[in-house]
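According to my numbering, the sequence shown is numbered sequentially starting from 8.
We put the beta carbon where it would ideally sit given N, CA and C, even for glycine.
Remember, predicted model here, so these are calculated numbers, not experimental data.
Step one of this worksheet: look at the structure below.
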Amino acid sequence: MIAGSEMQFKKRIPDVLRLFDRGGFPPMIKYPGNFFILRGNHECAPINRVYGFFEECNRRYNSTRLWLGFQEAFAAMPFTGLVAGKILCMHGGLSPKLKSLDQLRQITRPIDPPNPSLHIDLLWSDPDHYVKVVQDGYEFFANKRLVTIFSAPHYCGQFDNAAAMMNVDEGLVCSFQVQI
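In structure tokens form, the structure reads like this:
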């Protein structure tokens, strides 16, 4: 499962491909029916327009229609994923509006998330401890009940951080692959 903001790392495709190479490539073929890409905050039109994706579509393909097509696809992406009914995955964090996992199951798509909303919180509510760059690629908190995974090595060319990918086996044992 990829937990969102793919558009933020459009220049980092080689890093993403290296992670897939280590974890199994291509993941959709290796794990048919069990590979999902979750929506992140950069899969929202106002954000990816400002942060260069709109410009990239126009510069490379001379196509606003291509960008609009991506927005339709992003609107259909799930906000959360649940692994074996036990491991909840998302790009951002929990919302104070979230009282039950049933609320997540009831999110209808496609959706352009209203602001404020549970949807926006799932995309933007990073944990309180959150430091923008996780140096070792992953970091546990809340007595190891939660983990932040950071998959952009050498973030923006300004940090000496690692990237990580978390693997979950059939017994729900988690392991990490780290790329320095």
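A straight line joining the alpha-carbon of Gln113 with that of Leu45 spans about 16 Å.
The alpha-carbon of Ser102 is positioned some 13 Å away from that of Leu95. Straight through space, the alpha carbons of Tyr162 and Ala91 are spaced by roughly 31 Å. Contact check for Leu125 against Gly99 fails: the beta carbons are separated by 8 Å or more. Between the region 74-88 and the region 49-60, the count of C-beta pairs closer than 8 Å reaches three or more; the two stretches touch.
By the C-beta density criterion, Val141 is buried, having at least 16 other C-beta atoms within 10 angstroms. The three-state reading of DSSP puts Asn174 in strand, counting E and B together.
Distance from the CA of Asn65 to the CA of Lys151, rounded to the nearest whole angstrom, comes to 44 Å. By the neighbour-count criterion, in which 16 or more other beta carbons inside 10 Å mark a residue as buried, Thr87 falls on the buried side.
Gly88 sits in a strand when the DSSP states are folded into three classes. Boundaries of the alpha helix (DSSP H) harbouring Gln110: 108-112, taken from the DSSP string. DSSP places Tyr162 in no alpha helix (DSSP H); its state is neither H nor E.
Across the structure, Ala149 and Ile54 are spaced so that their CA atoms are roughly 30 Å apart. With respect to Val185, Ala159 sits apart: the two C-beta atoms are not nearer than 8 Å.
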